[in-house]
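Notes follow once the structure below has been shown.
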Amino acid sequence: MSKAFALLFAMGLGIVCGCNTPEPVQKSSLLSDGYVAFSINGNSYHILDSLVQGNPVSALLSGSYGTHDSTLVIGAYAEAELRIEIRDCTDTGLYALSSSDESYATVYDEGEWSTDEDYQGEVHLTELDTVQAVASGTFSFDAVTTKHSEPDTVHVFGKFYHAPIPVSRGK
């Protein structure tokens, strides 16, 4: 009797609840469940790579990886923007951030700040998966702007998890 009651209860619940079940959101194959979370002088930003009701969210998490030149780019764009470019990135590990002719980082938040020879940082890359096209890691850097009369600096730190990195295999 208890099996029959459980079966009838489950069928009734399915009929009552099934009418209002929303369709699952279809994700693009280029999107993962990744995110970037970072702080600029204590102001925090969280940028998710996901869809809301089938529409992209207002923030964008992007990236790329070129196997021909081993350059990894992580970008996050919302109220504040972040761009990290790592050159000669062939595996997980620690990568230094310094000037734009090497690996570097730039942030935009009511101004533009970049790493250079005097203001540097690092990325600890914990995952570089070119098959699944995702990257994960942490970062910390000091950046400077010279657009003011005096150099102005910011401290930036954060992490990224399963950031999408479409892989380019060109020359």
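The numbering of the sequence shown is this note's numbering, which starts it at -9 and goes up by one. All C-beta atoms, glycine included, are put in the ideal place defined by N, C-alpha and C.
Suppose the cutoff is 6 Å on Cβ atoms and the five residues either side in sequence are ignored; what does the same chain contact list for I64 look like? Excluding residues within five positions, the ones whose Cβ falls inside 6 Å are G53, I74, F150 and A153.
Identity of the residue in D132, W103 and S93 nearest Y109 by Cα: D132
Quick check on DSSP: helix, strand or coil for V157? strand
Find out if the Cβ-Cβ distance for the pair E69, Y25 is shorter than 8 Å. no
Rounding to the nearest angstrom, what Cα-Cα distance links Q16 and F147 in this structure? Unreliable placement is indicated for Q16, whose pLDDT of 33 sits below 50; the coordinate value is still reported in the next sentence. Their backbone Cα atoms lie some 32 Å apart in a straight line.
8 Å Cβ cutoff, V157 in contact with chain C: Reference to chain C is not applicable here, since this structure consists of a single protein chain.
Once DSSP output is grouped into helix, strand and coil, what is the label at E92? coil
Tell whether a beta-carbon distance below 8 Å holds between V157 and T120. yes
Beta-carbon gap between V113 and Y94 smaller than 8 Å: no
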